[in-house]
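If you read the protein sequences in the order shown, they are chains A and B. Taking this note's numbering, I'd label the letters of the first sequence as residues 142 to 405. Taking this note's numbering, I'd label the letters of the second sequence as residues 514 to 672. Just so you know, even glycine gets a beta-carbon here, dropped at the ideal spot from N, CA and C. Just below is one structure, and these are the notes that go with it.
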Amino acid sequence: MKMIEPNNKRLMAALLPLMLLGALNLTHAWQDAKSGYEFMTPESRAMQDDDFENPGMLTVDEGQTLFITTAKNEMTCGSCHGDDGSKLDIERITQYPVYSETLKKPITLRNQIHICWNERLQNPPMKKYNDPRAIALETFVRHQAHGKPVNVDIDGPLKPYYEAGKAFYNRRAGQLDMACTHCHSYFPGSKLRAQTLSQGHSNGFPTYRLANSKVNGLHERFRQCQHQFRAKALKAGSDDYVNLELYINAIGKGLEIETPAVRY
Amino acid sequence: MNMRRRFIRLSMLTALLLVCGSAVLAEEKPAPEPYYEWKVEGFAINAPIGGLVGNPENGRKIAVARKKGNCIACHVMPILEEEFNGNVGPPLTGVASRLKEGRIRLSIVDEKQINPMTVMPGYYRDPRHFNQVRKSFKGKTVLTAQEIEDVVAYLMTLK
Chain A
142 MKMIEPNNKR LMAALLPLML LGALNLTHAW QDAKSGYEFM TPESRAMQDD
192 DFENPGMLTV DEGQTLFITT AKNEMTCGSC HGDDGSKLDI ERITQYPVYS
242 ETLKKPITLR NQIHICWNER LQNPPMKKYN DPRAIALETF VRHQAHGKPV
292 NVDIDGPLKP YYEAGKAFYN RRAGQLDMAC THCHSYFPGS KLRAQTLSQG
342 HSNGFPTYRL ANSKVNGLHE RFRQCQHQFR AKALKAGSDD YVNLELYINA
392 IGKGLEIETP AVRY
Chain B
514 MNMRRRFIRL SMLTALLLVC GSAVLAEEKP APEPYYEWKV EGFAINAPIG
564 GLVGNPENGR KIAVARKKGN CIACHVMPIL EEEFNGNVGP PLTGVASRLK
614 EGRIRLSIVD EKQINPMTVM PGYYRDPRHF NQVRKSFKGK TVLTAQEIED
664 VVAYLMTLK
């Protein structure tokens with residue numbers, strides 16, 4: 142395998158502008174972040190906008206039911222947050238992942254739901270980060286912040302985790318040797334076979350996917366994308382994915398939360 | 514250290530090495546095809562990989578198949594029965610009148626030699642250069658040498 146010889150001046154001269162362009166691109170933050178919504182067909186948008194048509198609303202309802210289901214210790218989520226979620230801190234919901242002083246690391250909204258489930262309700266722990274009940278609860282909770290801007294704060298203790306997420310986003314992997322950036326920062330708006338590539342933001346999550354007819358968490362989408370470029374997908378809830386979630390929320394800061402969005 | 518002790522240590526070490534060694538060997542399946550080295554000269558790979566001769570009809574099928582080339586995911590090609598052609602890459606209609614065969618071969622084998630930032634997968638890169646590969650694709654090139662030559666032969670028909 143011949144690597145590019147550094148003494149090949151002509152080649153280097155030809156590549157330099159490309160590399161500079163790449164370097165610029167690798168440190169991108171969207172000046173003009175666009176929701177995945179803007180890349181969808183009018184039919185799918187209409188489906189998302191109508192609560193009766195949006196299949197994700199069923200999951201919101203399931204989440205609501207779990208929210209007021211009494212645990213053995215007589216508590217429900219509603220005991221603290223209001224049966225309709227009206228006592229949830231909406232500002233806080235828009236800020237996840239947040240830094241946990243107790244765990245000394247970032248936690249996602251889903252992590253927080255698991256924590257309440259285990260510690261406040263003293264339910265038998267859900268073994269999987271991706272337990273459908275946890276997804277439903279997250280969908281219900283994040284839906285309460287519908288229309289509010291994503292507002293993650295990376296200037297404090299989350300900075301190093303953000304940097305790690307960013308490195309992951311730009312690192313090639315898998316047999317097809319791609320990184321997230323290749324599809325989602327270079328080619329939004331282009332077609333990958335029948336699909337229109339978006340900027341790959343997180344504001345719609347958990348998201349109803351027409352392709353698999355269910356509500357998907359963000360880490361599931363990471364797995365699906367990694368699977369596509371034939372990389373070893375990581376576990377939902379793994380540190381790398383939490384960092385990635387942080388980075389993606391940061392580049393999509395300001396986008397309105399659309400949970401549950403409808404996507405292809 | 515006396516001889517006896519040294520002997521015992523040595524044989525334990527050997528046993529350990531044997532166990533580890535055979536575990537590694539057991540994991541490695543025999544390669545389906547040898548990996549042929551290739552050489553870039555002035556933005557081109559002029560010699561067919563492994564000296565193989567391509568079949569353009571096969572190449573056309575490989576360009577469409579999702580689990581093979583899936584080239585039309587990113588390129589428009591004159592393959593009218595396929596409804597959806599992507600446009601992440603440049604159209605390949607007429608590519609053979611723009612580019613020489615060696616340059617086309619290099620693009621398919623490893624476009625990163627031309628543009629290190631490219632999204633286009635290298636279809637015949639040394640598999641040792643990849644990281645975090647899904648298990649079923651470990652140690653394999655995306656296409657075989659024969660399939661590369663088939664696709665090159667097909668693109669050469671696109672004048």
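Over what stretch of residues does the beta strand (DSSP E) that includes I248 of chain A continue unbroken?
-> First-last of the beta strand (DSSP E) with I248 of chain A: 246 to 248.
Outcome for P401 of chain A when other beta-carbon atoms lying within 10 angstroms are tallied against a minimum of 16 = Result: buried.
Which residues, taken in chain order from the region 293 to 320 of chain A, show a beta carbon closer than 7 Å to some beta carbon of chain B?
-> Within the region 293 to 320 of chain A, the qualifying residues are A314, G315, Q316, L317, D318, M319.
Listed by chain order, chain B residues near C257 of chain A by CB distance under 7 Å = Neighbours of C257 of chain A in chain B, taken as residues at a C-beta separation under 7 Å, are lacking, since the least C-beta distance is about 33 Å.
Could you check what DSSP says for V356 of chain A in three-state terms: helix, strand or coil?
-> Assignment of V356 of chain A by DSSP, reduced to helix, strand and coil, places it in the strand class.
Determine the burial state of F328 of chain A: buried for a count of at least 16 other Cβ atoms within 10 Å of its Cβ, exposed for fewer.
-> That one is buried.
Tell me whether P634 of chain B is buried or exposed, calling it buried when 16 or more other Cβ atoms sit within 10 Å of its Cβ.
-> Buried, since its Cβ has 16 or more Cβ neighbours within 10 Å.
Pull up the CB-CB distance for N344 of chain A and E386 of chain A, whole angstroms please, since I reckon it's below 8 Å.
-> That pair is no contact at about 12 Å.
Would DSSP call P634 of chain B helix, strand or coil?
-> Residue state, collapsed to three classes: coil.
Compare the C-beta of L385 of chain A against all C-beta atoms of chain B and say whether one is closer than 7 Å.
-> Look at L385 of chain A: its C-beta is not under 7 Å from any C-beta on chain B.
Chain B within 7 Å of H323 of chain A, Cβ atoms only | By this cut-off, H323 of chain A is an interface position.
Leaving out five residues on either side along the sequence, give the residues of the same chain with a beta carbon under 7 Å from the beta carbon of Q336 of chain A.
-> The residues are Y405.
DSSP on L538 of chain B, reduced to helix/strand/coil?
-> Residue placement at L538 of chain B is flagged as unreliable, the pLDDT there being 42, under the threshold of 50; a coordinate-derived value is accordingly withheld.
Once you ignore the five residues that flank S185 of chain A on each side, which residues in its own chain have a CB closer than 6 Å to its CB?
-> Contacts found: V403.
Step through the CB atoms of chain B and report whether any lies within less than 7 Å of the CB of A372 of chain A.
-> So, interface residue.
Alpha-carbon spacing of L207 of chain A relative to P266 of chain A, whole angstroms = Rounded to the nearest angstrom, the two C-alpha atoms are 14 Å apart.
Alpha carbon of T243 of chain A to alpha carbon of I256 of chain A, nearest angstrom | Those two C-alpha atoms are separated by around 12 Å.
CB-CB under 7 Å to A275 of chain A, same chain, minus the five flanking residues each way: which ones, in chain order?
-> The residues are R251, I254, H255, M267.
Report yes or no: is there a C-beta of chain B within less than 7 Å of the C-beta of R364 of chain A?
-> Output row for R364 of chain A: interface = no.
Any idea what DSSP makes of R404 of chain A, helix, strand or coil?
-> In this structure, R404 of chain A counts as strand in the three-state DSSP scheme.
I think G599 of chain B touches L333 of chain A, with their Cβ atoms under 8 Å apart; what is that distance to the nearest whole Å?
-> Contact holds; Cβ gap of about 5 Å.
Under 7 Å Cβ-Cβ, which residues of chain B neighbour A335 of chain A?
-> Neighbours of A335 of chain A on chain B, chain order: F597.
What are the boundary residues of the alpha helix (DSSP H) that includes S185 of chain A?
-> S185 of chain A: member of the alpha helix (DSSP H) spanning 183 to 190, first to last residue.
Could you spell out the range, first to last residue, of the alpha helix (DSSP H) harbouring S477 of chain B?
-> Residue 477 of chain B lies beyond the residue range present for chain B, which begins at 514 and ends at 672; the question has no answer from this structure.
Please work out which residues of its chain come closer than 6 Å, Cβ to Cβ, to A652 of chain B, disregarding the five sequence neighbours upstream and downstream, and give them in chain order.
-> Contrary to the premise, residue 652 of chain B reads as Gly rather than Ala in this sequence. Sequence-distant Cβ neighbours of G652 of chain B in its own chain, meaning closer than 6 Å and more than five residues away, are P640.
For P634 of chain B, decide whether its Cβ has a neighbour in chain A, counting only Cβ atoms nearer than 7 Å.
-> Judged by the 7 Å Cβ criterion, P634 of chain B is in contact with chain A.
Could you tell me whether the Cβ of V645 of chain B comes closer than 7 Å to any Cβ of chain A?
-> Reading off the sequence, residue 645 of chain B comes out as Gln, not Val. Yes - at least one Cβ of chain A is within 7 Å of the one on Q645 of chain B.
Spatially closest choice to V383 of chain A from A:Q369, A:R362, A:A372, by CA coordinates = Measuring from the Cα of V383 of chain A, the nearest candidate turns out to be A:R362.
Decide if T200 of chain A is buried, meaning its Cβ has at least 16 other Cβ atoms within 10 Å, or exposed.
-> Flag for T200 of chain A reads buried.
Whole angstroms is fine: what's the gap from E215 of chain A's alpha carbon to L262 of chain A's?
-> In this structure, the straight-line span from the alpha carbon of E215 of chain A to that of L262 of chain A is close to 8 Å.
Length of the line joining the Cα atoms of Y549 of chain B and F309 of chain A | Just so you know, the alpha carbons of Y549 of chain B and F309 of chain A end up roughly 31 Å apart.
Determine whether the Cβ of F328 of chain A lies closer than 7 Å to any Cβ atom of chain B.
-> Chain B contact via Cβ: present.
Thinking C-beta only, is V608 of chain B closer than 7 Å to L668 of chain B?
-> Taking 7 Å as the Cβ cut-off, L668 of chain B and V608 of chain B qualify as a contacting pair.
Check the Cβ-Cβ distances between A576 of chain B and every residue of chain D, and say whether any is below 7 Å.
-> Structure shown: chain D not included; protein chains present are A and B.
Hey, does N559 of chain B have any beta-carbon neighbour from chain A nearer than 7 Å?
-> No, no contact with chain A.
Just to confirm, are R364 of chain A and G315 of chain A a CB contact at a threshold of 7 Å?
-> Not a contact, by the Cβ cut-off of 7 Å.
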